[in-house]
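K.L.:
Can you read through this structure? Questions will come right after.
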């Protein structure tokens, strides 16, 4: 695929989804810091783990803490499959000011396709999730599709842009259907240690507002000595 087609396809998706967010703005800026660890077991197997904290509008300072881990297998140069488990601990403030705490156990599976064009890398990712909450019975199934593009400017700097759509197949918390669109940059301290600053527009389909989010990601890679 020529690089011009890649740029047009990514830009079209981002513009179309961004146009749907022309509604009231929640002026509260949320902060989502995270640490990502990529542990290479060998040339085929990779262990990924991340720890996140999130702040939401009208919620406690730390509204959510999450730990996610899983393994990925490199099928070929472009195709990767993976699966794992995640735990989410969330504090919410309801309309009457009452605080609630909810834990979620999540199983996930994904397939990812990566293509490189000179200084560009395009990623298409499809993920399925089975969500179990301690506060209710039953399982909610969610599907996620992500399209992202990275551009290498220099050996140290990289540009990031992307969009992710999420929707529930069940009625359980189906008002959480959402999309996220983002743009940002990455600075590499070394080839195995990077920091990312990402500005994201986070919107739930059922709401009439969208909320800006600042994400600060610390990424570390470890290669197991064979």
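In my numbering, the protein residues as written are 435 to 660. Yeah, the Cβ is synthetic: ideal placement off N, Cα and C, and Gly gets one too. Quick caveat: nothing in here was measured; it's all calculated off a predicted structure.
#1: Residues in its own chain within less than 7 Å of residue 586 by CB, not counting five upstream and five downstream?
#2: Tell me, to the nearest whole angstrom, how far the beta carbon of residue 612 is from that of residue 576; I am working on the premise that it is less than 8 Å.
#3: Of the choices 499, 651, 560, 489, whose alpha-carbon is the least far from that of residue 578?
#4: If you measure between the beta carbons of residue 645 and residue 464, is that distance less than 8 Å?
#5: Suppose contacts are defined by Cβ-Cβ distances below 8 Å. Is residue 503 in contact with residue 519 by that definition?
#6: Figure out for me which residue from 573, 501, 546, 640 has the closest Cα to the Cα of residue 468.
#7: By Cβ distance below 6 Å, which residues in the same chain neighbour residue 582 in space, the five residues on each side in sequence not counted?
#8: How should residue 538 be labelled, buried or exposed, when 16 other C-beta atoms within 10 angstroms of its C-beta is the threshold for buried?
#9: Do you know whose CA, among 589, 521, 601, 580, lies nearest residue 566's CA?
#10: Can you check which of these residues, 507, 548, 635, 651, is closest to residue 620 by C-alpha distance?
#11: Bridge partners for residue 464 per DSSP, in chain order?
#12: Check the C-beta distance from residue 470 over to residue 484 and give it rounded, since I have them as a contact under 8 Å.
#13: When the Cα atoms are used, what is the spatial distance from residue 536 to residue 496?
#14: Determine the DSSP secondary structure at residue 633, reduced to helix, strand or coil.
#15: Give me, in chain order, the residues of the same chain whose beta-carbon lies closer than 6 Å to that of residue 543; leave out the 5 immediate sequence neighbours on both sides.
#16: Find the nearest neighbour of residue 627 within the set 555, 526, 589, 635, judged by alpha-carbon distance.
#17: Who are the Cβ neighbours of residue 648 in its own chain at under 8 Å, not counting the five residues just before and after it?
#18: Does residue 540 come out as helix, strand or coil in the three-state DSSP assignment?
#19: Measure the C-alpha to C-alpha separation of residue 615 and residue 489 and round it to an integer number of angstroms.
#20: Within 10 Å of its beta-carbon, does residue 456 have 16 or more other beta-carbons around it, so buried, or fewer, so exposed?
#21: Go through the stretch 484-534 residue by residue and report every complete run of the beta strand (DSSP E) that reaches 3 residues or more, in order.
#22: When you compare the CB positions of residue 618 and residue 594, do they come within less than 8 Å of one another, or not?
P.N.:
Quick look at the numbers:
#1: Indexing the chain shown from 1 puts residue 586 at position 152. Once the five neighbours on either side are set aside, the close Cβ partners of residue 586 are 553, 592.
#2: Position 178 of the chain shown, counted from the first residue, corresponds to residue 612. Position 142 of the chain shown, counted from the first residue, corresponds to residue 576. Residue 612 to residue 576, Cβ: 10 Å. No contact.
#3: Counted from its first residue, the chain shown places residue 578 at position 144. Checking every option, the nearest Cα to that of residue 578 belongs to 560.
#4: Here residue 645 corresponds to residue number 211 of the chain shown, with the count starting at 1. Here residue 464 corresponds to residue number 30 of the chain shown, with the count starting at 1. In this structure, residue 464 lies closer than 8 Å to residue 645 by Cβ.
#5: Within the chain shown, the letter at position 69 stands for residue 503. Within the chain shown, the letter at position 85 stands for residue 519. In contact: residue 503 and residue 519 (Cβ atoms closer than 8 Å).
#6: By one-based count along the chain shown, residue 468 stands at place 34. Of the listed residues, the one whose Cα sits closest to residue 468 is 501.
#7: The residue you call residue 582 lines up with position 148 of the chain shown. 557, 596, listed in sequence order.
#8: For the purposes of this step, residue 538 is identified with residue 104 of the chain shown, where counting begins at 1. Residue 538 is buried by the Cβ-count criterion.
#9: Stepping through the chain shown from its first residue, residue 566 is reached at position 132. The shortest Cα separation from residue 566 among 589, 521, 601, 580 belongs to 521.
#10: Taking the chain shown and counting its residues from 1, one reaches residue 620 at position 186. For residue 620, the nearest C-alpha among the options comes from 651.
#11: Against the chain shown, residue 464 aligns to sequence position 30. BP columns for residue 464 point to 647.
#12: Taking the chain shown and counting its residues from 1, the one referred to as residue 470 is at position 36. Taking the chain shown and counting its residues from 1, the one referred to as residue 484 is at position 50. Residue 470 to residue 484, Cβ: 5 Å. Contact.
#13: Translated into the one-based positions of the chain shown, residue 536 becomes position 102. Translated into the one-based positions of the chain shown, residue 496 becomes position 62. C-alpha separation (whole angstroms): 13 Å.
#14: The sequence position of residue 633 within the chain shown is 199, counting from 1. Strand at residue 633.
#15: Stepping through the chain shown from its first residue, residue 543 is reached at position 109. 517, 562, listed in sequence order.
#16: In the chain shown, the residue the question calls residue 627 occupies position 193. Ranking 555, 526, 589, 635 by Cα distance to residue 627 puts 589 first.
#17: Residue mapping note: residue 648 aligns to position 214 of the chain shown, counting from 1. So the list reads 463, 464, 465, 466, 631, 632, 633, 634, once near-sequence residues are dropped.
#18: Position 106 of the chain shown, counted from the start, is the residue given in the question as residue 540. Here residue 540 sits in strand by DSSP.
#19: If you number the chain shown from 1, residue 615 lands on position 181. If you number the chain shown from 1, residue 489 lands on position 55. Going from the Cα of residue 615 to the Cα of residue 489 covers about 18 Å.
#20: On the chain shown, position 22 is the one that residue 456 refers to. A caution first: residue 456 carries a pLDDT of 47, below 50, which makes its placement in the model too unreliable to give a value.
#21: 498-508, 513-527
#22: Walking along the chain shown from the start, residue 618 turns up at place 184. Walking along the chain shown from the start, residue 594 turns up at place 160. Their beta carbons are under 8 Å apart, which means residue 618 touches residue 594 by this criterion.
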